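Each remark here refers to the structure printed beneath this line.
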Amino acid sequence: MEFETCRKILTKYWGYTSFKPLQEEIIRSVLEKKDTLGLMPTGGGKSVTFQVPGIALEGVCLVVTPLIALMKEQVARLNSMEVKALALHSGMTKEE
Numbered sequence: 001m002e003f004e005t006c007r008k009i010l011t012k013y014w015g016y017t018s019f020k021p022l023q024e025e026i027i028r029s030v031l032e033k034k035d036t037l038g039l040m041p042t043g044g045g046k047s048v049t050f051q052v053p054g055i056a057l058e059g060v061c062l063v064v065t066p067l068i069a070l071m072k073e074q075v076a077r078l079n080s081m082e083v084k085a086l087a088l089h090s091g092m093t094k095e096e
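1 is the number of the first residue of the sequence shown in the working numbering; add one for each residue after it.
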């Protein structure tokens, strides 16, 4: 997978033409199939570092987070962009 594919996804879905420096470093590590831990400040664009590769690569992207409200918001946004996404959290009923 070429990094340029990720840049095209960023532009198509988020409207940006380039990544922030830490975003690019994290995404490149993921594309190289390395175990990757990305630590960024609040508002630093962490979501893009897993959402873009999640769209670009085949398979499932699993994200574990304690922030249910943010999870719901991100899933709604991805679904509005016609990207398949689902959240599983402790506030769900057995039926859900």
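For glycine and all other residues, C-beta sits at the position ideal for the given N, C-alpha and C.
Keep in mind the model is a prediction, meaning the values are calculated, not measured.
C-alpha distance - Ile-9 paired with Val-52, whole-angstrom precision: The residue labelled residue 9 in the question sits at position 9 within the sequence shown. The residue labelled residue 52 in the question sits at position 52 within the sequence shown. For Ile-9 and Val-52, the distance between alpha carbons rounds to 7 Å.
Same chain, Cβ closer than 6 Å to Met-81, five either side skipped, listed in chain order: Taking the first residue of the sequence shown as position 1, residue 81 is located at position 81. Answer for Met-81: Tyr-13, listed in chain order.
Straight-line gap, Phe-50 to Thr-36 (C-alpha atoms, nearest Å): Looking up residue 50 in the sequence shown gives position 50. Looking up residue 36 in the sequence shown gives position 36. C-alpha separation (whole angstroms): 10 Å.
From Leu-57, Gln-74, Leu-31, residue whose alpha carbon lies closest to that of Gly-45: Indexing the sequence shown from 1 puts residue 45 at position 45. Of the candidates Leu-57, Gln-74, Leu-31, the one whose C-alpha sits nearest the C-alpha of Gly-45 is Gln-74.
Cβ neighbours of Ala-87 in the same chain (closer than 7 Å, five flanking residues each side left out): Translated into positions along the sequence shown, residue 87 becomes position 87. Once the five neighbours on either side are set aside, the close Cβ partners of Ala-87 are Met-71, Lys-72, Val-75.
Cα-Cα separation between Val-60 and Lys-84, rounded to whole angstroms: If you number the sequence shown from 1, residue 60 lands on position 60. If you number the sequence shown from 1, residue 84 lands on position 84. Spanning the two alpha carbons is a distance of roughly 10 Å.
Segment limits, alpha helix (DSSP H) that includes Met-1: Position 1 of the sequence shown, counting from 1, holds the residue named residue 1. No alpha helix (DSSP H) holds Met-1; DSSP gives it neither H nor E.
Buried or exposed by the 16-neighbour rule on C-beta atoms within 10 Å, applied to Val-48: Locating residue 48 in the sequence shown gives position 48, counting from the first residue. Looking at its Cβ environment, which holds 16 or more other Cβ atoms inside 10 Å, Val-48 is buried.
Spatially closest choice to Leu-22 from Met-40, Lys-34, Pro-66, by CA coordinates: Stepping through the sequence shown from its first residue, residue 22 is reached at position 22. The option with the nearest alpha carbon to Leu-22 is Met-40.
Among Leu-67, Arg-77, Gly-54, the one whose alpha carbon lies nearest that of Ser-90: Indexing the sequence shown from 1 puts residue 90 at position 90. Nearest C-alpha to Ser-90: Leu-67.
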